[in-house]
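Chemist: With full-length UniProt numbering, letter number 562 in the sequence shown gets 562, and the count goes up by one each step, no holes.
Just dropping this structure here.
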Amino acid sequence: MATLTKPIKGAIKDTFPVEGMTCAACAGSVESMLQAQPGVQSAAVNFAGKTVLVEYAPGTDLTSLQKALQSVGYDLLIQKEEATPEAQQAREQEAYAQIKSKTVWAILLSLPVAVIGMFFHHLPYGNWIMLALSIPVVFWFGRSFFINAFKQAKHGKANMDTLVALSTGIAFLFSAFNTIYPQFFLDRGLEPHVYYEAATVIIAFILLGKLLEERAKSRTSGAIKKLMGLQPKSVKALRNGQEIELPIEEVLVGDVLIIRPGEKIPVDGKVLSGTSYLDESMISGEPMAVEKNAGDQVFTGTINQKGSLQITAEKVGAQTLLAQIIKMVQEAQGSKAPVQKLTDKVAGIFVPVVIGIALLSFVAWYFLGGDNATTHALLALITVLIIACPCALGLATPTAIMVGVGRGAENGILIKDAESLETAHKLTAIVLDKTGTITKGKPEVTNLLWTSPAEKQAELAGILLAMENQSEHPLAEAVSKHLTAEGIKAVTLEQFESVTGRGVQATYQGQTYWLGNEKLMQENNLRFSPDLQETAQMLKAEAKTVVYAATQGEVVALIAIADAIKDTSHQAVQELQSLGLQVYMLTGDNSQTAAAVAKQVGLQHYKAEVMPQDKADFITELQAQGHVVGMVGDGINDSQALALADVGIAMGRGTDIAMDVAKVTLMHSDLSAIAKAIKLSKATVRTIHQNLFWAFIYNVIGIPVAAGLLYPIWGFLLDPMLAGAAMALSSVSVVTNSLRLRSLKL
Numbered sequence: 001m002a003t004l005t006k007p008i009k010g011a012i013k014d015t016f017p018v019e020g021m022t023c024a025a026c027a028g029s030v031e032s033m034l035q036a037q038p039g040v041q042s043a044a045v046n047f048a049g050k051t052v053l054v055e056y057a058p059g060t061d062l063t064s065l066q067k068a069l070q071s072v073g074y075d076l077l078i079q080k081e082e083a084t085p086e087a088q089q090a091r092e093q094e095a096y097a098q099i100k101s102k103t104v105w106a107i108l109l110s111l112p113v114a115v116i117g118m119f120f121h122h123l124p125y126g127n128w129i130m131l132a133l134s135i136p137v138v139f140w141f142g143r144s145f146f147i148n149a150f151k152q153a154k155h156g157k158a159n160m161d162t163l164v165a166l167s168t169g170i171a172f173l174f175s176a177f178n179t180i181y182p183q184f185f186l187d188r189g190l191e192p193h194v195y196y197e198a199a200t201v202i203i204a205f206i207l208l209g210k211l212l213e214e215r216a217k218s219r220t221s222g223a224i225k226k227l228m229g230l231q232p233k234s235v236k237a238l239r240n241g242q243e244i245e246l247p248i249e250e251v252l253v254g255d256v257l258i259i260r261p262g263e264k265i266p267v268d269g270k271v272l273s274g275t276s277y278l279d280e281s282m283i284s285g286e287p288m289a290v291e292k293n294a295g296d297q298v299f300t301g302t303i304n305q306k307g308s309l310q311i312t313a314e315k316v317g318a319q320t321l322l323a324q325i326i327k328m329v330q331e332a333q334g335s336k337a338p339v340q341k342l343t344d345k346v347a348g349i350f351v352p353v354v355i356g357i358a359l360l361s362f363v364a365w366y367f368l369g370g371d372n373a374t375t376h377a378l379l380a381l382i383t384v385l386i387i388a389c390p391c392a393l394g395l396a397t398p399t400a401i402m403v404g405v406g407r408g409a410e411n412g413i414l415i416k417d418a419e420s421l422e423t424a425h426k427l428t429a430i431v432l433d434k435t436g437t438i439t440k441g442k443p444e445v446t447n448l449l450w451t452s453p454a455e456k457q458a459e460l461a462g463i464l465l466a467m468e469n470q471s472e473h474p475l476a477e478a479v480s481k482h483l484t485a486e487g488i489k490a491v492t493l494e495q496f497e498s499v500t501g502r503g504v505q506a507t508y509q510g511q512t513y514w515l516g517n518e519k520l521m522q523e524n525n526l527r528f529s530p531d532l533q534e535t536a537q538m539l540k541a542e543a544k545t546v547v548y549a550a551t552q553g554e555v556v557a558l559i560a561i562a563d564a565i566k567d568t569s570h571q572a573v574q575e576l577q578s579l580g581l582q583v584y585m586l587t588g589d590n591s592q593t594a595a596a597v598a599k600q601v602g603l604q605h606y607k608a609e610v611m612p613q614d615k616a617d618f619i620t621e622l623q624a625q626g627h628v629v630g631m632v633g634d635g636i637n638d639s640q641a642l643a644l645a646d647v648g649i650a651m652g653r654g655t656d657i658a659m660d661v662a663k664v665t666l667m668h669s670d671l672s673a674i675a676k677a678i679k680l681s682k683a684t685v686r687t688i689h690q691n692l693f694w695a696f697i698y699n700v701i702g703i704p705v706a707a708g709l710l711y712p713i714w715g716f717l718l719d720p721m722l723a724g725a726a727m728a729l730s731s732v733s734v735v736t737n738s739l740r741l742r743s744l745k746l
């Protein structure tokens with residue numbers, strides 16, 4: 001059945017866990033197999049998360065999809081209980097434990113084999129000891145390479161697993177033959193060499209690489225689990241005039257729910273009664289809490305602060321905004337087709353060529369070899385396969401990546417996977433979230449301007465501190481923190497009153513004081529001087545919130561509060577632009593604030609008042625224009641865009657969810673580290689290409705010599721033992737070249 005190309009009306013999108021995938025080629029096989037099934041519109045594998053996002057027609061038999069994958073060695077988990085985050089985490093932990101156990105045992109058994117094979121090869125019964133130790137390494141701990149190679153062969157494909165299975169299998173069988181029947185070569189005047197160390201060490205090395213890769217992948221599903229944790233498990237509701245506690249699953253549309261201070265909003269709804277401030281940073285990314293009164297909308301996962309609310313449930317379960325964000329993050333993580341590793345692509349060409357040369361050399365020696373033609377033909381075949389062993393090729397990428405990742409960590413750049421490190425140097429556009437990325441992410445006092453005489457300012461500051469300490473307004477904490485840092489001591493107020501939506505009013509020593517917005521001043525006929533009004537307008541033009549303090553009929557102080565720009569943001573933006581990148585800023589804040597921040601850091605491109613979905617759409621739009629896009633953010637509202645970007649970069653002081661979704665984390669929350677990450681990526685990719693070059697040069701020279709090309713000219717036939725030594729030397733050169741990254745200046 002051909003893949004469907006016409007859009008399916010009412011198509012269903014679902015994410016299913018997949019078992020049995022071990023490489024990028026496996027992911028491609030899963031996608032192509034599912035897309036070939038009746039009713040399937042598309043399938044996109046998230047290799048890191050071991051899931052597949054399937055878009056299919058209503059009524060499609062999911063069991064048939066499961067059987068199709070099972071027929072080629074994979075499994076699609078279609079039962080809902082199998083797809084829960086808990087079940088998926090349990091499977092990941094089990095898989096990680098298995099590969100860890102295999103790797104540890106493979107290394108432990110390979111070490112004595114390597115020592116005997118390299119330094120004590122004349123040890124009595126040494127070959128038999130190595131044979132006994134090699135059997136479990138090759139055929140038990142390394143069995144997955146042979147199974148995967150067989151799966152690839154069934155589809156006419158080859159990858160690194162094919163090369164590993166072929167070379168280690170041949171090396172082991174040849175060694176076992178020489179151990180059991182050494183007389184065959186001795187009778188022909190040849191030394192019966194063994195290569196157990198080559199077979200076992202290669203398997204141990206590659207298992208170690210897979211263990212490190214598995215550990216990185218096991219962290220990717222944490223974001224979804226943490227997003228789900230934002231919704232409370234139970235909620236208090238009013239039913240028949242009684243307050244009862246309900247599991248969140250039993251809440252119905254129309255239920256009246258009670259939200260107390262500090263609690264999370266459990267559903268999307270509307271405020272029925274009460275007044276409070278809500279932390280909505282998970283939606284807007286903005287640090288300023290939002291005032292909520294009767295009739296205002298509230299969203300799941302947002303946090304109630306000091307007031308109590310009664311809300312009417314309007315959207316529950318999968319319909320809430322939080323549920324939609326979770327679904328969008330899952331789809332974004334699965335929407336990028338896995339980038340097949342360069343070594344896998346190389347192996348797809350390299351394996352058939354090596355096999356062809358090995359067989360050709362066998363045939364040529366068999367018919368043209370004269371005396372002992374069969375022996376020489378067999379030796380040539382074995383030598384070609386041993387010298388083509390993928391140790392250098394297999395080490396070319398992981399060693400450079402490991403050193404590159406370590407160098408990044410030393411500079412506060414934590415890189416989760418190889419793909420991100422390889423992609424960063426290709427970036428053409430960087431999208432920056434504003435709050436917590438360009439700015440510090442917390443409101444703070446930037447200006448405190450007094451109009452009263454200096455001798456009265458200390459007393460007035462103590463009164464202001466006392467008023468802010470009792471205020472429930474979210475900006476009050478910023479003022480309190482600033483005054484406390486200045487060494488101000490709060491006085492004891494005689495009377496305090498909160499004026500909803502305006503500010504606060506207090507009495508001290510019989511005198512009334514006001515602290516709040518411009519409306520509070522106007523309603524109480526508190527005077528502004530023209531100069532003060534002009535100063536206030538200038539501060540507002542800089543996207544600062546202005547708070548007024550007044551007494552005895554006039555304003556005595558202006559307090560400007562803003563989410564201040566980080567000291568390094570301007571320079572970092574200039575560095576990125578100098579690298580030829582287009583830099584954009586996205587924010588949920590208003591246009592005036594966005595324009596002011598963009599101007600301060602030297603940005604030309606920005607968008608204001610964007611929702612989480614808008615950020616993701618903007619990333620997709622840039623990618624459609626041909627850009628390789630990096631997204632930098634720190635909040636839950638950035639999570640979908642971070643997952644969708646080619647390289648997601650999270651600030652280290654941001655939310656755990658942003659850091660889980662992103663592939664790169666900047667521990668110091670300093671934008672200047674992005675330019676360092678790009679420089680590191682360029683150097684690492686250059687090192688990988690150098691490693692592959694040296695691995696290939698070695699093979700280009702070594703394989704023809706192993707095949708006997710020089711024998712007719714100089715009578716030189718490469719000994720399999722020398723082939724093994726050359727293979728080791730090529731691996732050392734690759735590792736040494738990778739280690740040069742440790743001295744890279746960023």
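The C-beta atom is built at its ideal place from N, Cα and C for all residues, glycine as well.
All of these numbers come straight from a predicted model, not from anything done at the bench.
Pull up the distance between the alpha-carbon of Met521 and that of Ile678, whole angstroms please.
Modeler: For Met521 and Ile678, the distance between alpha carbons rounds to 51 angstroms.
Chemist: Indicate the three-state DSSP secondary structure (helix, strand or coil) for Glu310 in the structure shown.
Modeler: Glu is not the amino acid found at residue 310; the sequence shown has Gln there. Correct three-state label for Gln310: strand.
Chemist: Can you check which of these residues, Val137, Phe139, Thr162, Trp140, is closest to Asn148 by C-alpha distance?
Modeler: Comparing Cα-Cα distances from Asn148 to each of Val137, Phe139, Thr162, Trp140, the minimum goes to Thr162.
Chemist: If you drop the 5 nearest sequence neighbours on each side, which residues of the same chain put their C-beta closer than 7 angstroms to that of Gly274?
Modeler: Cβ within range, chain order: Gly307, Ser308, Leu309, Gln310.
Chemist: Quick check on this structure: which residue in Ala454, Leu493, Pro453 has the alpha carbon closest to the alpha carbon of Ser471?
Modeler: Out of Ala454, Leu493, Pro453, Leu493 has the C-alpha closest to the C-alpha of Ser471.
Chemist: Give the C-beta separation of Ile703 and Val354 to the nearest angstrom, bearing in mind that I take them to be a contact with Cβ-Cβ under 8 angstroms.
Modeler: Right, their Cβ atoms sit about 7 angstroms apart.
Chemist: Taking Lys663 as part of the beta strand (DSSP E), name the residues at either end of that continuous run.
Modeler: No beta strand (DSSP E) contains Lys663, which DSSP labels as neither H nor E.
Chemist: Would you identify the three-state DSSP class for His605, choosing helix, strand or coil?
Modeler: Looking at His605 - three-state DSSP - the assignment turns out to be strand.
Chemist: To the nearest angstrom, how far is it from the Cα of Asp614 to the Cα of Glu249?
Modeler: Those two C-alpha atoms are separated by around 29 angstroms.
Chemist: Answer yes or no: do Ile170 and Ile382 have a C-beta to C-beta separation smaller than 8 angstroms?
Modeler: Cβ atoms of Ile170 and Ile382: closer than 8 angstroms.
Chemist: Tell me, to the nearest whole angstrom, how far the beta carbon of Leu666 is from that of Ile413; I am working on the premise that it is less than 8 angstroms.
Modeler: About 6 angstroms separates the two Cβ atoms, so the contact holds.
Chemist: Return the residue from the list Tyr277, Gly254, Leu272, Asp255 that minimises the CA-CA distance to Lys264.
Modeler: Considering only alpha carbons, the answer is Tyr277.
Chemist: Between which two residues does the beta strand (DSSP E) carrying Pro530 extend?
Modeler: Per DSSP, Pro530 belongs to no beta strand (DSSP E); it is in the alpha helix (DSSP H), 530-541.
Chemist: From Val632 to Val664, what distance separates their C-alpha atoms?
Modeler: Approximately 9 angstroms between the Cα atoms of the pair.
Chemist: By the three-class DSSP mapping on this structure, what secondary structure does Phe16 have?
Modeler: DSSP places Phe16 in strand when its eight states are reduced to three.
Chemist: Just the Cα atoms here: how many angstroms apart are Leu586 and Ala429?
Modeler: Roughly 13 angstroms separates the two Cα atoms.
Chemist: Please classify residue 765 as buried or exposed, where buried requires at least 16 other C-beta atoms within 10 Å of its C-beta.
Modeler: The structure shown does not extend to residue 765, since the chain spans only 1 to 746, so no value can be given for it.
Chemist: Answer with buried or exposed for Asn178, where buried requires no fewer than 16 other C-beta atoms within 10 angstroms of its C-beta.
Modeler: Buried, since its Cβ has 16 or more Cβ neighbours within 10 Å.
Chemist: Going by DSSP, what residues sit across from Glu291 in a beta bridge?
Modeler: Note: Glu291 sits in a beta bridge opposite Tyr277.
Chemist: With 16 other CB atoms within 10 Å as the buried threshold, where does Arg407 fall?
Modeler: Result: buried.
Chemist: With respect to the alpha helix (DSSP H) encompassing Trp128, which residues constitute its N-terminal and C-terminal limits?
Modeler: First-last of the alpha helix (DSSP H) with Trp128: 126-136.
Chemist: Using DSSP bridges, identify the partner residues of Gln511.
Modeler: According to DSSP, which records beta bridges pairwise, Gln511 is partnered with Tyr508.
Chemist: According to DSSP, simplified to helix, strand and coil, what is Leu427?
Modeler: Coil, per DSSP.
Chemist: For Arg742, count neighbouring Cβ atoms within 10 angstroms of its own Cβ and tell me buried if that reaches 16, exposed if not.
Modeler: The residue in question, Arg742, is exposed, as its Cβ has fewer than 16 Cβ neighbours within 10 Å.
Chemist: Please state whether DSSP places Tyr366 in a helix, a strand or coil.
Modeler: Residue state, collapsed to three classes: helix.
Chemist: Just to confirm, is the Cβ distance from Leu746 to Gly404 under 8 angstroms?
Modeler: Contact flag unset, no.
Chemist: Smallest Cα separation from Asn293: which of Lys315, Gly301, Gly269, Leu432?
Modeler: Considering only alpha carbons, the answer is Gly269.
Chemist: Kindly identify the DSSP beta-bridge partner or partners of Gln70.
Modeler: Gln70 is not bridged to any residue.
Chemist: With Gln305 as the anchor, note down where its beta strand (DSSP E) starts and where it stops.
Modeler: That residue, Gln305, is in no beta strand (DSSP E); it is neither H nor E in DSSP.
Chemist: Given a threshold of 16 other Cβ atoms within 10 Å of its Cβ, counted over all protein chains shown, does Thr736 qualify as buried or as exposed?
Modeler: So Thr736 ends up on the exposed side.
Chemist: Would DSSP call Ala43 helix, strand or coil?
Modeler: In the structure shown, Ala43 sits in a strand (DSSP, three-state: E or B).
Chemist: Buried or exposed for Thr220, please, with buried defined as at least 16 other CB atoms from any protein chain shown within 10 angstroms of its CB.
Modeler: Because the pLDDT of Thr220 is 43, which lies under 50, any placement of that residue in the model is unreliable, and the number read from its coordinates should be weighed accordingly. Flag for Thr220 reads buried.
Chemist: Which first and last residues belong to the alpha helix (DSSP H) in which Leu414 is found?
Modeler: That residue, Leu414, is in no alpha helix (DSSP H); its beta strand (DSSP E) goes 413-415.
Chemist: Between Ala313 and Ile203, is the Cβ-Cβ spacing less than 8 angstroms?
Modeler: No.
Chemist: Within 10 angstroms of the Cβ of Glu468, are there 16 or more other Cβ atoms? Answer buried if so, exposed if not.
Modeler: Buried: at least 16 other Cβ atoms inside 10 Å.
Chemist: Residues in the same chain with beta-carbon distance under 8 angstroms from Asp75, minus the five sequence neighbours each way, listed in chain order, please.
Modeler: These residues qualify, in order along the chain: Val18, Glu19, Gly20, Gln66, Leu69.
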